[in-house]
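Line by line, the protein sequences give chains C and V.
full-length UniProt numbering numbers the first residue of the first sequence as 1 and each following residue consecutively.
full-length UniProt numbering numbers the first residue of the second sequence as 1 and each following residue consecutively.
Ideal Cβ positions, reconstructed from N, Cα and C, are used throughout, including at glycine.
All values derive from a computational prediction rather than experimental measurement.
There are 2 protein chains.
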Amino acid sequence: MDTSASTIAAATAPNGINGTVNGHTHKEKVTIVGSGNWGSAIASIAAKNTLRHSKQFDPEVIMWIFEEDYEGKPLSQVINETHENPRYLPGIHLGDNVIAQPNMEEALKDATALIFVLPHQFLRGVLKQLKGKVNENARAVSLIKGVDVQGHMIKTFPALISEELGISCSSLSGANIANEVAQEKFSESTLGVPAPEGFTDDVNHLPDAMLWKPLFDTKTFRINVVPDVEGVGLCGALKNIVAVAAGFVDGLDWGSNAKAAIMRIGMNEVKDFCLEYFPTTQAATFLEESCGIADIITSSLGGRNRQVAEAMVKRGKTFHELEPEMLKGQKLQGPQTALDVHEFLLTKGTKRPNGYPLFEAVWKICYEDAKPETLIDNL
Amino acid sequence: MDTSASTIAAATAPNGINGTVNGHTHKEKVTIVGSGNWGSAIASIAAKNTLRHSKQFDPEVIMWIFEEDYEGKPLSQVINETHENPRYLPGIHLGDNVIAQPNMEEALKDATALIFVLPHQFLRGVLKQLKGKVNENARAVSLIKGVDVQGHMIKTFPALISEELGISCSSLSGANIANEVAQEKFSESTLGVPAPEGFTDDVNHLPDAMLWKPLFDTKTFRINVVPDVEGVGLCGALKNIVAVAAGFVDGLDWGSNAKAAIMRIGMNEVKDFCLEYFPTTQAATFLEESCGIADIITSSLGGRNRQVAEAMVKRGKTFHELEPEMLKGQKLQGPQTALDVHEFLLTKGTKRPNGYPLFEAVWKICYEDAKPETLIDNL
Ligand SMILES: NC(=O)c1ccc[n+]([C@@H]2O[C@H](COP(=O)([O-])OP(=O)(O)OC[C@H]3O[C@@H](n4cnc5c(N)ncnc54)[C@H](O)[C@@H]3O)[C@@H](O)[C@H]2O)c1
Ligand SMILES: NC(=O)c1ccc[n+]([C@@H]2O[C@H](COP(=O)([O-])OP(=O)(O)OC[C@H]3O[C@@H](n4cnc5c(N)ncnc54)[C@H](O)[C@@H]3O)[C@@H](O)[C@H]2O)c1
Chain C
1 MDTSASTIAA ATAPNGINGT VNGHTHKEKV TIVGSGNWGS AIASIAAKNT LRHSKQFDPE
61 VIMWIFEEDY EGKPLSQVIN ETHENPRYLP GIHLGDNVIA QPNMEEALKD ATALIFVLPH
121 QFLRGVLKQL KGKVNENARA VSLIKGVDVQ GHMIKTFPAL ISEELGISCS SLSGANIANE
181 VAQEKFSEST LGVPAPEGFT DDVNHLPDAM LWKPLFDTKT FRINVVPDVE GVGLCGALKN
241 IVAVAAGFVD GLDWGSNAKA AIMRIGMNEV KDFCLEYFPT TQAATFLEES CGIADIITSS
301 LGGRNRQVAE AMVKRGKTFH ELEPEMLKGQ KLQGPQTALD VHEFLLTKGT KRPNGYPLFE
361 AVWKICYEDA KPETLIDNL
Chain V
1 MDTSASTIAA ATAPNGINGT VNGHTHKEKV TIVGSGNWGS AIASIAAKNT LRHSKQFDPE
61 VIMWIFEEDY EGKPLSQVIN ETHENPRYLP GIHLGDNVIA QPNMEEALKD ATALIFVLPH
121 QFLRGVLKQL KGKVNENARA VSLIKGVDVQ GHMIKTFPAL ISEELGISCS SLSGANIANE
181 VAQEKFSEST LGVPAPEGFT DDVNHLPDAM LWKPLFDTKT FRINVVPDVE GVGLCGALKN
241 IVAVAAGFVD GLDWGSNAKA AIMRIGMNEV KDFCLEYFPT TQAATFLEES CGIADIITSS
301 LGGRNRQVAE AMVKRGKTFH ELEPEMLKGQ KLQGPQTALD VHEFLLTKGT KRPNGYPLFE
361 AVWKICYEDA KPETLIDNL
């Protein structure tokens with residue numbers, strides 16, 4: 001539960017304007033930490049909304065960029081000249097008010113609204129660089145899918161960011177493919193914001209909702225607010241286990257009844273797992289929101305986890321064998337998450353009489369050479 | 001709420017055996033009313049289970065058949081000679097203990113477990129024939145998808161059957177394609193049974209659960225019981241509106257984010273509609289069960305409603321124009337259900353501030369020539 005000074009200031013300030021500094025009302029200043037496919041898509045949305053809500057936001061959107069070369073020039077220079085990120089989101093105009101900035105200290109200067117949107121493996125490194133350099137009245141939101149695993153502990157990224165930087169952190173997740181969002185195809189996302197315990201009023205009036213919703217919500221990218229930061233953060237990791245299971249069903253040619261059954265069972269295990277171990281989470285986040293059921297649906301129909309799992313069955317190979325040829329150097333998240341959950345459950349135990357049989361079956365098929373047909377044995 | 005003598009007898013009888021008649025313990029006698037694609041698939045399952053649970057059930061499964069000619073012979077004769085229904089479920093052995101019976105009175109004799117599995121338009125006619133001829137200690141289950149609409153009133157089929165015959169009626173519905181179930185591909189279905197108000201014990205011990213679950217549940221066709229007859233009955237009708245909406249999204253090429261969003265929004269409207277107007281229904285039936293979210297998923301990915309709706313957009317035709325060429329004489333249920341719900345809402349009004357915008361948009365696109373793009377305008 002977040003009750004930091006900054007969020008309370010925001011709550012009482014009119015129009016969601018972020019308090020006053022030296023007697024001057026100042027505007028929210030947005031910095032995006034990450035500039036890949038999703039970071040760039042979000043930059044294009046934020047850049048429209050800072051202009052639209054010009055009383056609340058400084059128009060400039062800073063995008064911190066991990067510098068790299070693009071056709072002989074620094075990528076940041078290319079972006080600032082063309083207002084496009086040709087490496088990670090070609091063909092989309094980012095907005096003239098998006099500024100790529102490779103220097104982290106520069107990027108952070110005056111930032112009050114920090115959007116974290118990096119591949120998860122880079123987050124801890126970046127947080128180390130940021131420590132002590134972030135405005136104390138800043139707030140953050142995590143768009144990163146996955147969870148932080150240290151030993152047998154599972155932590156959400158918003159919790160990690162909040163802990164490391166000492167600021168409030170929300171989370172945004174949904175059935176979102178960056179290119180579709182950037183092309184302004186209709187989609188939805190769920191914003192989880194901190195709420196005082198027992199809060200029952202309109203969630204849109206929560207301080208962090210009043211910051212992030214205006215920054216992200218558009219006619220084609222609809223933001224729904226829930227008072228559940230952890231739940232929104234967890235969905236984006238656990239859905240990958242379900243997507244692997246769905247891929248096995250495809251590989252086995254079990255048909256659409258079975259596929260729908262696995263998605264349903266998977267969604268219920270995600271929900272039950274989170275309710276058992278993350279006491280602030282709420283069932284509705286998983287069952288009713290875009291970050292829950294909708295993201296499970298898209299990931300189980302498209303997506304890499306599903307695809308590799310299908311190939312495991314059809315070609316009789318392990319995911320270790322398929323990763324290099326199918327993913328060009330990227331790592332598959334579903335099996336790893338199944339392993340993390342398996343080890344977590346070994347340590348923690350479970351009160352559920354039947355445990356989490358779908359999660360466990362996915363782990364066993366990926367890591368213990370169990371036959372894919374065993375997927376349903378203990379359901 | 002069912003508290004008829006028969007269900008109470010069953011509840012107290014050992015092993016779920018259906019009471020005693022003239023001092024003799026007698027077994028449940030199963031009659032299936034309907035012998036099409038789904039009726040035949042269910043016959044093959046029931047026939048296995050009456051043998052498996054031979055203490056509880058008479059082995060013979062009677063299948064009432066609307067007689068027709070099949071290659072010069074009565075279909076009932078073909079079925080009884082070959083133990084297959086070549087017209088509606090070719091290639092599946094029904095079980096030697098399935099007996100096709102074209103005479104309704106014969107089919108009903110001694111029946112205590114009546115399974116209704118006809119296309120909905122034939123139900124009222126059949127119920128008229130059955131009135132007064134059904135054992136008073138019989139129980140029924142409806143596998144019929146759809147709702148009964150008289151004027152502006154919407155009634156579920158289990159409620160109609162119960163009223164017309166004066167017996168208890170459960171409902172069974174799920175993400176079930178008859179051919180996949182008959183081929184023993186993994187699938188699930190939801191059984192809604194009557195429960196006393198405030199019931200909190202194990203639903204599997206409810207009298208009607210103890211009758212129907214053993215008759216339907218197999219290793220590959222998993223039955224989950226919920227104490228919500230109406231909810232299970234309603235899902236199978238309302239999901240067709242969602243499937244039409246999903247078809248529009250496909251026609252518009254809006255991509256997978258939008259498709260998942262529409263399924264999610266649709267599921268929530270189904271739930272909210274049922275909770276508003278059918279007070280015995282429970283949110284979990286829609287959100288967590290096969291008859292709810294899983295059936296919405298399969299119908300929105302495959303199925304006729306989706307397919308015709310996609311063609312409406314891509315070919316710029318009305319569903320009236322497409323029905324004859326795409327459905328070979330069958331009627332599309334989604335648009336009709338959207339119309340039924342629209343008229344129902346006009347009469348009843350709604351307490352929801354925003355109404356049911358997805359349902360209404362589907363109605364408007366199907367019947368008022370609204371542009372498919374307007375689907376999301378009021379969401
Ligand atoms: N792409 C999508 O459609 C999408 C949608 C929703 C959520 N997400 C999530 O958003 C997050 C970011 O995904 P993405 O698709 O934008 O990633 P991406 O693979 O497109 O981006 C890679 C980014 O990482 C940067 N990078 C490379 N090495 C680095 C280092 N050592 N330190 C810091 N940064 C480094 C690159 O410069 C680049 O900006 C992920 O958690 C992802 O799951 C992605
Ligand atoms: N087929 C499936 O995969 C499936 C799955 C789940 C639920 N259902 C539902 O089950 C119900 C039955 O569907 P189905 O697919 O078995 O139908 P079907 O179209 O295969 O069956 C048609 C049946 O209707 C009978 N019939 C024809 N005229 C009749 C009349 N005048 N009076 C009485 N009966 C007549 C035919 O003899 C035949 O048995 C429907 O409500 C359907 O939505 C079907």
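{"query": "Do tryptophan 64 of chain V and threonine 31 of chain V have their beta-carbon atoms positioned less than 8 Å apart in this structure?", "result": "yes"}
{"query": "Can you tell me the Cβ-Cβ gap for glycine 292 of chain V and methionine 267 of chain V, rounded? I've got them flagged as a contact below 8 Å.", "result": "7 Å"}
{"query": "DSSP on tryptophan 38 of chain V, reduced to helix/strand/coil?", "result": "helix"}
{"query": "Mind pulling the chain V residues with CB within less than 9 Å of arginine 264 of chain C?", "result": "Ala175, Glu188, Glu288, Glu289, Ser290, Gly292, Ile293, Ala294 and Ile297"}
{"query": "For the beta strand (DSSP E) that contains aspartate 58 of chain V, what are its first and last residues?", "result": "57 to 64"}
{"query": "Closer than 7 Å, Cβ to Cβ, to anything on chain C: give me those residues from the segment 242 to 257 of chain V, in chain order.", "result": "Trp254, Gly255, Ser256 and Asn257"}
{"query": "Excluding five sequence neighbours on each side, which residues of the same chain lie with their C-beta closer than 7 Å to the C-beta of lysine 271 of chain C?", "result": "Ala283, Phe286 and Leu287"}
{"query": "Could you name the residues of the segment 264 to 281 of chain V whose beta carbon sits closer than 9 Å to any beta carbon of chain C, in the order they occur along the chain?", "result": "Arg264, Ile265, Met267, Asn268 and Lys271"}
{"query": "Count the C-beta pairs between the segment 214 to 228 of chain V and the segment 178 to 186 of chain V that are closer than 8 Å, then say yes if the count reaches three, no if not.", "result": "yes"}
{"query": "Starting from the beta carbon of leucine 301 of chain V, find every residue of chain C whose beta carbon is closer than 7 Å, and list them in chain order.", "result": "Ser256"}
{"query": "Under 9 Å Cβ-Cβ, which residues of chain V neighbour glutamate 180 of chain C?", "result": "Trp254, Gly255, Ser256, Asn257 and Ala258"}
{"query": "Return the CA-CA distance between glutamate 269 of chain C and tryptophan 212 of chain V, expressed in angstroms with no decimal places.", "result": "26 Å"}
{"query": "Measure the alpha-carbon distance for alanine 209 of chain V versus phenylalanine 199 of chain V and round it to whole angstroms.", "result": "14 Å"}
{"query": "Run down chain C in chain order and give the residues with a C-beta less than 7 Å from the C-beta of lysine 131 of chain V.", "result": "Residues of chain C passing the Cβ test: none, with the nearest at roughly 35 Å."}
{"query": "I'd like the list of long-range same chain contacts for alanine 175 of chain V, defined as Cβ closer than 6 Å, with 5 residues on each side in sequence excluded.", "result": "Ser290, Ala294, Asp295 and Thr298"}
{"query": "Hey, how far is the Cα of phenylalanine 319 of chain V from the Cα of leucine 238 of chain C?", "result": "40 Å"}
{"query": "Please work out which residues of its chain come closer than 7 Å, Cβ to Cβ, to asparagine 22 of chain V, disregarding the five sequence neighbours upstream and downstream, and give them in chain order.", "result": "At asparagine 22 of chain V the pLDDT is 48, less than 50, meaning the model places this residue with poor confidence; the figure from the coordinates comes in the next sentence. Closer than 7 Å at the Cβ level, and outside the excluded window around asparagine 22 of chain V, lies no residue."}
{"query": "If we count Cβ pairs, one from each stretch, closer than 8 Å, do we get three or more for the segment 29 to 46 of chain C versus the segment 99 to 119 of chain C?", "result": "yes"}
{"query": "Measuring alpha carbon to alpha carbon, tell me which residue in C:Leu165, C:Ile167 and C:Ser171 is nearest threonine 156 of chain C.", "result": "C:Ser171"}
{"query": "Could you give the residue range of the beta strand (DSSP E) that holds leucine 89 of chain V?", "result": "Element bounds for leucine 89 of chain V: n/a, residue is neither H nor E."}
{"query": "Methionine 263 of chain V: buried (16+ other C-beta within 10 angstroms of its C-beta) or exposed?", "result": "buried"}
{"query": "What residues of chain V sit near isoleucine 376 of chain C, judged by a beta carbon separation below 7 Å?", "result": "Phe186"}
{"query": "Locate the beta strand (DSSP E) running through arginine 222 of chain V, then write down its first and last residues.", "result": "221 to 226"}
{"query": "Which chain C residues are close to alanine 261 of chain V, counting only those with a beta carbon under 9 Å from its beta carbon?", "result": "Gly174, Ala175, Phe186, Ser187, Glu188, Arg222, Ser290 and Ala294"}
{"query": "Phenylalanine 216 of chain V and asparagine 103 of chain V - do their beta-carbons sit closer together than 8 Å?", "result": "no"}
{"query": "Determine, using beta-carbon pairs with one atom in the segment 351 to 367 of chain C and one in the segment 335 to 342 of chain C, whether at least three such pairs fall under 8 Å.", "result": "yes"}
{"query": "If we require 3 or more residues per run, which beta strand (DSSP E) segments fall completely within the segment 247 to 321 of chain C?", "result": "none"}
{"query": "Can proline 74 of chain C be considered in contact with ligand 1, in the sense that its beta carbon sits closer than 7 Å to one or more heavy atoms?", "result": "no"}
{"query": "Suppose the cutoff is 7 Å on Cβ atoms and the five residues either side in sequence are ignored; what does the same chain contact list for proline 86 of chain V look like?", "result": "Tyr70 and Val78"}
{"query": "Quick one, are the C-beta atoms of alanine 243 of chain V and arginine 315 of chain V less than 8 Å apart?", "result": "no"}
{"query": "If I measure Cβ to Cβ from isoleucine 265 of chain V and keep anything under 7 Å in the same chain, skipping five residues before and after, which residues do I get?", "result": "Leu358 and Leu379"}
{"query": "Under 7 Å from any heavy atom of ligand 2, does the C-beta of tryptophan 38 of chain V make it?", "result": "yes"}
{"query": "Closest to aspartate 96 of chain V by C-alpha separation, out of V:Val226, V:Ala43 and V:Ala261, would be which residue?", "result": "V:Ala43"}
{"query": "How about asparagine 224 of chain C: is its Cβ closer than 7 Å to a heavy atom in ligand 1?", "result": "no"}
{"query": "I believe alanine 178 of chain V touches alanine 41 of chain V by the beta-carbon criterion, under 8 Å. Please report the beta-carbon distance rounded to the nearest angstrom.", "result": "4 Å"}
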